[in-house]
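Numbered according to numbering that gives the first Met the number 0, the sequence shown terminates at residue 607, and the numbering increases by one at each position without gaps. In what follows, a single structure is set out as structure tokens and then discussed.
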Amino acid sequence: MKFKAEVAKLLDLVVNSLYSEKHVFLRELISNASDACDKLKYMALIDPDMAKAAKDFKITITPDAKENILIIADNGIGMNKDDLINHLGTIAKSGTSDFVNNVKDNGSAVDLIGQFGVGFYSAFMVANKVEIMTKKAGEDQAWSWKSEGIGGFDIKEAEKQANGTEIKLYLKEEDKDFTDSIYLRHIIRTYSDHINYPIVLNLGEMGEETANTASALWTRNKAEITSEQYKEFYHHVSRNFDEPWMTMHFKAEGSIEYTGLLYIPGQAPYDLFQPDVKQGLKLYVNKVFISDKVEGLIPHYMRFVKGVVDSSDLPLNISREMLQQNALIAKIKNGIVTRILKELKKRSEKHDDYMEFWKIFGTVLKEGIYEDLTNREEVAALARFYSTKYSDKMVSLDEYIERIKADEKVIYYITGDDVKVLNNNPQLEAFREKDIEVLLLTDPIDEFWTQVLGSYKGTAIKHISAAKIDLDVERKGKKAEEAKLTKLKEIMTETLKDEVGSVVETEKLTSSPASLTVEAGQMSIHLERLMKNHQQKTTFASTRILEINPYHPLVIKLSELAEDEKSKAKIEDVTKILLDQAKIAEGEAITDPSFFASKLSEYILSSF
Ligand code: ADP
Ligand code: MG
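Shown next as structure tokens:
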């Protein structure tokens, strides 16, 4: 049979570009053998017929230096003909297909090996030929599968007594090292020590030895676990191969007992924002593996947390389908959330260290401010934001509150796409002048949690357009004359009638001639833009208001021209340019860019 196209591509990559970390193949095959044992162990819980086969689980590694062969065998679930075709002929799932998609997108396989296990096919990194003998638990017929790589594979009926899988690698000449027992022992200890089943090195006449510790890492005493072991286990459960930013190992006691070994990665997983990717924690009941990616154990806004939960209070025969609704699971989840929030709070006291986490996962954690009714304030306390106070340091809501000088306590914010653009928004001029700090919020999610939360520890949270305070700035300079200004506003309003609801004068601007805002209480310009970008039809677009600064020389000049009928065309042009400038400052697209560009050139030229 032929491999599916994506498998052929993967094989090609594996054989031709991934040679820097060849030992990866052993980690992958051992991990598959361990999964196979987990699967049978779980089936035996549900199906008593399986119980006979499901015992004395182990993974056996047999090197043959003379023939240059390495055999990896397990007594797990095994595969039938369909399994062989579906799982080893196409790219079935998880690690492997993610890897291929990423290589397709990013081109470089070598960089990615660090981030992915490449599954079964990594066998071809070291082997010219792979032969599998396998028998599925509960079935009579055994099968053999053979392949020399890209060309395809053969499947035949075969003889095998016990259930399980035996993978025979005909090693390449240059990969002879993998028959060396000392080297094998070293690789197993380094990368597979945490595997819960014994990994037995079968050294022929020299006998057998177990090369790993073979006890569930999370059940061991913290003091006996090295940071290397914690890290290796993290690589196994998360399929990330970076340094975890946080490792939490704890035992909860009380109404329900459970152990958790949880990690926060040090890098953003590529699928953090893919809504269809299943996230979650691994669940064990009394060291028996129950399910991967149990979503009920961790809230969506903590989907970056990886690891294992083990509880002996759950029934062993709990069905995977029922996990989501189980009350004990929900209880464990609450406990875990509280613990993680507490740990994060501790870490947040060290600013630089905490920023490493916040810059990667902050956007996700913030979802908790509106998702998690119970812990809303705790999550908000962990959030960090850019503010007008500093150019690069992020601040917390508590810090902000501490700095408020005004009698009326309000947390002000403005939303947009980019911190730098926001920071130059003319709407902030009066706030700066009056030394009122404003948070600069740039995540889409910020539009929502600010609405939902409304206030933090009793302090209202308000968009600056909803500010009720007196923002009038003290003036020394000349102001446009009232009558002329009225006339100017008339012309401007008429010129812009399709785009803005009104043109009003404001005392808030200091250096800019004009600025765009919305009526208090309406959807912010940024939110409207977000909705449009997501093809959301908004039935109620906010009414734009163009605010003009009567102290600005440009506005004064225009007001003087306003009485002269001959200048009308010019005022109209400049009005349109003022609106365009205000839009640019808001991060908005301008309606007629070529008009803007040509008028601007014209005026620049006339100034020489
Ligand atoms: P993954 O482990 O991420 O699913 P792999 O490429 O490592 O991807 O393995 C593909 C599939 O082949 C596995 O999901 C499993 O169904 C099957 N498989 C591989 N090795 C074994 C084994 N030793 N016993 C039973 N099934 C196996
Ligand atoms: Mg695998």
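Ideal placement from N, C-alpha and C gives every residue a C-beta, glycine not left out.
According to the DSSP assignment, TYR229 belongs to the alpha helix (DSSP H) that extends over 226-237.
The three-state reading of DSSP puts PHE152 in strand, counting E and B together. At least one heavy atom of ligand 2 lies less than 7 angstroms from the C-beta of ASN31. Under a 10 Å Cβ-count criterion, VAL276 is classified as exposed, with fewer than 16 other Cβ atoms of the shown protein chains found around its own Cβ.
By the neighbour-count criterion, in which 16 or more other beta carbons inside 10 Å mark a residue as buried, TYR389 falls on the exposed side.
Annotation for TYR269 indicates a beta carbon at 7 angstroms or more from all heavy atoms of ligand 1. For the 8 angstroms CB-CB criterion, LEU487 and LEU515 do not form a contact.
Remark: C-beta atoms of ILE359 and GLN266 approach each other more closely than 8 angstroms. Ligand 1 has a heavy atom closer than 7 angstroms to the beta-carbon of ILE76. Judged by DSSP secondary structure, ASP445 falls within the alpha helix (DSSP H) whose first and last residues are 445-452.
In the three-state scheme derived from DSSP, where H, G and I count as helix and E and B as strand, LYS281 is classed as strand. If only complete runs of 4 or more residues are kept, the region 322-371 shows the alpha helix (DSSP H) at 326-347, 350-364 and 366-370, in order along the chain.
In this structure, ligand 2 has a non-hydrogen atom nearer than 7 angstroms to the beta-carbon of PHE119. Taking the Cα positions, ILE463 is about 10 angstroms away from VAL517.
In the three-state reduction of the DSSP assignment, ASN424 falls in the coil class, being assigned neither a helical nor a strand state. The bridge partners DSSP lists for ALA251 are TYR257.
Using a 10 angstroms sphere on the CB of GLN273, the tally of other CB atoms stays under 16, which defines it as exposed.
Of all C-beta pairs linking the region 363-382 to the region 403-413, fewer than three are shorter than 8 angstroms, placing the two stretches out of contact. A distance of 8 angstroms or more separates the beta carbons of GLU348 and SER310. The three-state reading of DSSP puts ALA141 in strand, counting E and B together. In the same chain as ALA429, and ignoring 5 residues on each side of it, the C-beta atoms closer than 6 angstroms to its own belong to LEU470, VAL472 and LYS507, in chain order. Residue environment analysis places ALA222 among the exposed positions, since fewer than 16 neighbouring C-beta atoms fall within 10 angstroms of its C-beta. Distances between the C-beta of THR61 and the heavy atoms of ligand 1 are all 7 angstroms or more.
Taking C-beta atoms as the reference points, LEU439 and TYR353 fail to come closer than 8 angstroms.
Nearest neighbour of GLU138 by Cα position, chosen from LYS51, VAL14, THR458 and PHE447, turns out to be LYS51. Positions of the beta strand (DSSP E) runs, each at least 3 residues long and wholly inside the region 494-566, are given as 501-504, 513-517 and 543-547 in order along the chain. Under the DSSP definition of a beta bridge, PRO62 partners with LEU69. For THR209, DSSP records a beta bridge to VAL199.
Put simply, of ARG543, GLY203 and TYR233 the residue whose alpha carbon is nearest the alpha carbon of ASP63 is GLY203. For GLU27, the CB falls within less than 7 angstroms of some heavy atom of ligand 2.
Taking the CA atoms as reference points, LYS531 sits about 27 angstroms from VAL503. In the DSSP assignment, ASN127 falls outside any alpha helix (DSSP H) and within the unbroken beta strand (DSSP E) covering 126-134.
Taking one beta carbon from each stretch, the region 544-563 and the region 586-594 have fewer than 3 pairs nearer than 8 angstroms; the two do not touch. Annotation for PHE177: no beta strand (DSSP E) segment contains it, and DSSP assigns it neither H nor E.
Per DSSP, PHE384 lies in no alpha helix (DSSP H) segment and is marked neither H nor E. Around ASP241, the same chain offers PRO264, GLY265 and GLN266 as residues with beta carbons nearer than 7 angstroms, after the five sequence neighbours per side are excluded.
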